[in-house]
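So the sequence shown is numbered by my numbering: it starts at 1098 and just counts up by one.
Built from N, CA and C at the ideal position, the CB exists for glycine as well.
Just so we're clear, the structure is a prediction, and the values are computed from it rather than from any experiment.
What follows is a set of notes on a single structure, which appears directly below.
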Amino acid sequence: MGGMDDFIVDDEVEDVGKDKPRDTKAYNAEGPAKNWRACNKCRLLLTMEQFMRLGCPNCPDLLFTEEEADYTKEKTTDEY
Ligand SMILES: [Zn+2]
1098 MGGMDDFIVD
1108 DEVEDVGKDK
1118 PRDTKAYNAE
1128 GPAKNWRACN
1138 KCRLLLTMEQ
1148 FMRLGCPNCP
1158 DLLFTEEEAD
1168 YTKEKTTDEY
């Protein structure tokens, strides 16, 4: 094994996501767009359900949970 050169970078990522952190690829908003909400802080689009289930991957300080549905609603917006 040859050390660092063995690290394979997967460049087969769709170009549309290039300006976003790689991880958001796993966080595409599900379902119809009318259900999407944007994180107030980073503008990532997810559904309420996803925010409560996954939290915002870019904003770990925003603690979105099902128990905190009001908070989640407050910290996200449907005006994006
Ligand atoms: Zn965010």
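- In the structure shown, residue 1134 adopts extended strand secondary structure according to DSSP, grouped into three states.
- In the DSSP assignment, residue 1142 falls within the unbroken beta strand (DSSP E) covering 1142 to 1144.
- Beta-bridge partners assigned by DSSP to residue 1174: 1135.
- Residue 1151 sits in a helix when the DSSP states are folded into three classes.
- In this structure, 1147 is the residue among 1177, 1176, 1147 with its C-alpha nearest to the C-alpha of residue 1169.
- Around the beta carbon of residue 1173, 16 or more other beta carbons lie within 10 angstroms, which makes this residue buried.
- In terms of CA proximity to residue 1138, 1152 leads the group 1152, 1130, 1164.
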